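Just below is one structure, and these are the notes that go with it.
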């Protein structure tokens, strides 16, 4: 019996040495993620065999993302066991997706998983350097513009326009008739906005007092149909005056009209 002790000790030492060598090879060869994945699969397999598999997933709150996309983002597959699922890690994975503002996961033993997500809503389209992206109201880029259903979203243009879009578009929303005429809002120098209307008219808004400038614009249009006249630029940057630039055709017609005025007066005399 005593003779067997050295042999057992030797076998134990050999096993420890082999495990240490294997661990060193794993780390040295940068195989830690691979081995971890194999270990996780083996662990989940054992738990599933024991009856701790995920029998059903109750998912709620998804509108833009599909069920399959949500499960893939959370890292949940047909092999994932309910017992060893790290719900906090899965939650963080879900929150890394720009469409997902928040998520909760709840294990209901023996075999049910509940996932509830809160999606960000598509708020506007943002154009920068020729690329158009969908953004949330906090400026988060949700993804490239691809869905035809989003074509009616307001368009903001320029560097930093995504972060300032909500404040600006909220002002426009207080004037629905004007808002419906706007094709794009362009941020200039990260300081102020220009409105590009659907008829080509450019409205230059001031850096401060934007709300008052919009009130003036709406009142003038109501009284004089200013936004449908032959104007290419309407400048509201000065609080005490409005500057307009006529279209080439309107400017030429005005010049001709001014030339005719002295002649008419001479004939009348």
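Residue numbers (the numbering used here): 6 to 274.
Think of the CB as a built atom: it goes at the ideal place given N, C-alpha and C, for glycine as much as any other residue.
Note that the coordinates shown come from a computational prediction; the quantities given were computed from them, not determined experimentally.
The C-beta distance from residue 170 to residue 122 rounds to 24 Å, too long to meet the 8 Å contact threshold.
The DSSP assignment places 92 to 100 as complete runs of the alpha helix (DSSP H) inside the stretch 85 to 128, in order along the chain (cut-off: 4 residues). Taking C-alpha positions only, residue 248 is separated from residue 128 by approximately 33 Å.
Taking all protein chains in view, the Cβ of residue 124 is crowded by 16 or more other Cβ atoms within 10 Å, so the residue is classified as buried.
Residues 130, 137, 138, 139 of the same chain have their beta carbon placed closer than 7 Å to that of residue 150, with the five preceding and five following residues left out of the count. Relative to the Cα of residue 195, the nearest Cα in the group 203, 189, 212 belongs to 212.
For residue 64, DSSP records a beta bridge to 120.
Note that the C-beta distance between residue 64 and residue 105 is not below 9 Å. Annotation for residue 152: no alpha helix (DSSP H) segment contains it, and DSSP assigns it neither H nor E. Within a 10 Å sphere around the beta-carbon of residue 68 sit fewer than 16 other beta-carbons, which makes this residue exposed.
For residue 76, the uninterrupted alpha helix (DSSP H) run begins and ends at 72 to 79, by DSSP. Residue environment for residue 163: buried (at least 16 other C-beta atoms within 10 angstroms of its C-beta). In the DSSP assignment, residue 207 falls within the beta strand (DSSP E) that extends over 207 to 209.
Just measuring C-alpha positions, the residue of 113, 220, 235 sitting nearest residue 86 is 113. For residue 246, there is no enclosing alpha helix (DSSP H), as DSSP marks it with neither H nor E. The beta carbon of residue 102 is closer than 6 Å to those of 78 in its chain, skipping five residues each way along the sequence. Counting the other CB atoms within 10 Å of its CB gives residue 111 a total below 16, which places it among the exposed residues.
Taking 9 Å as the cut-off, the Cβ atoms of residue 80 and residue 94 count as close.
For residue 201, the enclosing beta strand (DSSP E) starts and ends at 197 to 202.
Exposed is the label assigned to residue 156, since fewer than 16 other Cβ atoms lie within 10 Å of its Cβ.
Residue 126 holds the alpha-carbon nearest to the alpha-carbon of residue 66 among 186, 83, 116, 126. With fewer than 16 other beta carbons inside 10 angstroms of its own, residue 146 counts as exposed.
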